[in-house]
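Participant:
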Amino acid sequence: MAKMKNQMKQQQKRTKRVGPESSAMPVNTAESNSRGDQLSTALLFGLLVVSVVVLSGGLYWGITNFHSAFSAKPIDWLQCVVSAIVIVASFLVARSIAWMSMFGSIALASRMGAWKMVETIGSKGPWLRKVLPGGSPWLTTALVQSQVNRGQYEAALAASQSEWDFYVNDEKQKTNLGTIAFTAGLAQQGLGNIKESQMWNERAIEILNKSLDQLSKPQKGLVARFAAPQSEQALGQLRMQLAAAYFNNATVYFNANDYRRAKENYKQAIENAKKSPDFPQRNEMVKFGQEQLARLKHS
Numbered sequence: 373m374a375k376m377k378n379q380m381k382q383q384q385k386r387t388k389r390v391g392p393e394s395s396a397m398p399v400n401t402a403e404s405n406s407r408g409d410q411l412s413t414a415l416l417f418g419l420l421v422v423s424v425v426v427l428s429g430g431l432y433w434g435i436t437n438f439h440s441a442f443s444a445k446p447i448d449w450l451q452c453v454v455s456a457i458v459i460v461a462s463f464l465v466a467r468s469i470a471w472m473s474m475f476g477s478i479a480l481a482s483r484m485g486a487w488k489m490v491e492t493i494g495s496k497g498p499w500l501r502k503v504l505p506g507g508s509p510w511l512t513t514a515l516v517q518s519q520v521n522r523g524q525y526e527a528a529l530a531a532s533q534s535e536w537d538f539y540v541n542d543e544k545q546k547t548n549l550g551t552i553a554f555t556a557g558l559a560q561q562g563l564g565n566i567k568e569s570q571m572w573n574e575r576a577i578e579i580l581n582k583s584l585d586q587l588s589k590p591q592k593g594l595v596a597r598f599a600a601p602q603s604e605q606a607l608g609q610l611r612m613q614l615a616a617a618y619f620n621n622a623t624v625y626f627n628a629n630d631y632r633r634a635k636e637n638y639k640q641a642i643e644n645a646k647k648s649p650d651f652p653q654r655n656e657m658v659k660f661g662q663e664q665l666a667r668l669k670h671s
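Quick note, the sequence shown lines up with residues 373 to 671 if you use our numbering.
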């Protein structure tokens with residue numbers, strides 16, 4: 373959330389300079405927080421050790437008891453089934469703990485400004501695509517957001533393109549690429565590649581709108597009721613990203629003298645900004661968008 377707000381702030385600074393220097397982006401030049409790096413590393417390896425212990429203990433108990441039950445006369449089928457369930461469950465629990473170790477470490481490192489650890493863990497995404505629940509998009513998202521904030525645009529684009537190429541034909545996973553596409557658009561903007569930035573923005577808008585439609589549908593059941601607060605937060609974040617993506621596109625169209633599309637995108641940016649959570653740049657974004665629409669009224 374904090375990184376997304378920072379990127380939206382960068383986006384607004386660029387949009388105000390509608391012209392040839394619009395690609396200039398503020399860059400985070402601060403050193404990584406060493407204390408944050410240490411704490412997040414300790415959390416990562418601590419939970420990984422727990423994961424290994426759970427997996428080893430579950431496998432040992434399950435295999436040992438399965439062998440004993442299967443060797444018994446007569447065979448103890450109930451114990452065989454229980455042992456098999458324990459083996460499978462130990463793997464699933466261990467995998468979940470391993471996922472939590474990375475997710476928790478990235479969250480802690482991000483909060484403490486420890487970008488080295490964020491990028492170290494995030495860079496492991498391609499190696500873990502088939503192991504982690506949900507695949508690697510969330511890891512790559514953390515990586516490229518950190519890289520863009522530090523001005524490492526080429527590296528961010530390489531990671532984004534790799535993730536896009538791997539998941540683009542997987543409709544289920546493609547819905548997780550919206551933030552990556554938006555961040556890649558920022559990276560292209562930082563390099564001054566306006567057309568490429570617009571291409572990534574269009575991808576982001578398409579994916580984020582689909583995700584928004586899915587989350588906006590009423591959910592039924594007990595699980596949905598407990599997940600409602602998280603869903604509301606996710607909706608707010610999606611609208612923040614959509615507002616920034618539309619705002620970026622509007623600027624590109626404005627600079628290209630395509631005023632019709634510029635107006636359409638400014639309208640969408642304003643609409644999504646108004647519906648998103650209250651963040652420091654929201655009112656400024658809405659105000660500037662309305663001013664631009666007023667200028668384009670008769671265009």
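Positions of the beta carbon are idealized from the N, C-alpha and C atoms, including for glycine. All values reported here derive from a predicted model rather than from experimental measurement.
Alpha carbon to alpha carbon, how far is residue 661 from residue 623?
Facilitator: Looking up residue 661 in the sequence shown gives position 289. Looking up residue 623 in the sequence shown gives position 251. Each residue's Cα considered, the two are about 10 Å apart.
Participant: Between which residues of its own chain and residue 563 is the CB-CB distance below 6 Å, once the five residues before and five after are set aside?
Facilitator: Looking up residue 563 in the sequence shown gives position 191. 525.
Participant: Does residue 503 pass the burial test, meaning 16 or more other C-beta atoms within 10 Å, or should it be called exposed?
Facilitator: Translated into positions along the sequence shown, residue 503 becomes position 131. Exposed: under 16 other Cβ atoms inside 10 Å.
Participant: In three-state terms, what does DSSP make of residue 393?
Facilitator: Position 21 of the sequence shown holds residue 393. Here the model assigns residue 393 a pLDDT of 39, short of 50, so the residue's position is not dependable, and the following value carries that caveat. In the three-state reduction of the DSSP assignment, residue 393 falls in the coil class.
Participant: With DSSP run on the structure shown, which of helix, strand or coil describes residue 472?
Facilitator: Working through the sequence shown from its first residue, we reach residue 472 at position 100. Helix, per DSSP.
Participant: For the alpha helix (DSSP H) holding residue 520, just list the boundary residues, first then last.
Facilitator: The sequence position of residue 520 within the sequence shown is 148, counting from 1. It spans 509-521 - the alpha helix (DSSP H) in which residue 520 sits, taken as one unbroken run.
Participant: If you pair each beta-carbon of the segment 421-434 with each one of the segment 483-502, do three or more pairs fall below 8 Å?
Facilitator: no
Participant: Which class does residue 403 belong to by DSSP, given the choice of helix, strand or coil?
Facilitator: Here residue 403 refers to the residue found at position 31 of the sequence shown. Here residue 403 sits in coil by DSSP.
Participant: Taking residue 587 as the reference, give the member of 473, 548, 412 and 573 with the closest Cα.
Facilitator: Within the sequence shown, numbered from 1, the residue matching residue 587 stands at position 215. Answer by Cα proximity: 548.
Participant: Return helix, strand or coil for residue 388, following the three-state DSSP convention.
Facilitator: Locating residue 388 in the sequence shown gives position 16, where the first residue counts as 1. Its pLDDT being 42, under 50, residue 388 is placed unreliably by the model, and the measurement read from it follows with that caveat. Helix, per DSSP.
Participant: May I ask which residues mark the beginning and end of the alpha helix (DSSP H) holding residue 632?
Facilitator: As a first step, residue 632 is located in the sequence shown; it is residue number 260 there, counting from the start. From DSSP, the alpha helix (DSSP H) with residue 632 extends over 631-647.
Participant: Decide if residue 407 is buried, meaning its Cβ has at least 16 other Cβ atoms within 10 Å, or exposed.
Facilitator: On the sequence shown, residue 407 is found 35 positions in, with the first residue counted as 1. Exposed, since its Cβ has fewer than 16 Cβ neighbours within 10 Å.
Participant: For residue 673, count the other beta carbons within 10 Å of its own beta carbon; 16 or more makes it buried, fewer makes it exposed. Which is it?
Facilitator: Residue 673 cannot be examined here, being either before or after the span of the chain that is shown, 373 to 671.
Participant: Leaving out the 5 sequence neighbours to the left and right, which residues in its chain are closer than 7 Å to residue 647 when beta-carbon positions are compared?
Facilitator: To locate residue 647, count along the sequence shown from 1; it is residue 275. Counting only Cβ-Cβ distances below 7 Å, and skipping sequence neighbours, we find 611.
Participant: Using C-beta distances below 7 Å, list every residue in its chain close to residue 458, excluding the 5 sequence neighbours before and after it, in chain order.
Facilitator: To locate residue 458, count along the sequence shown from 1; it is residue 86. Once the five neighbours on either side are set aside, the close Cβ partners of residue 458 are 430, 433 and 434.
Participant: Check whether the segment 515-523 touches the segment 575-582, taking contact to mean three or more Cβ pairs, one atom from each stretch, closer than 8 Å.
Facilitator: no
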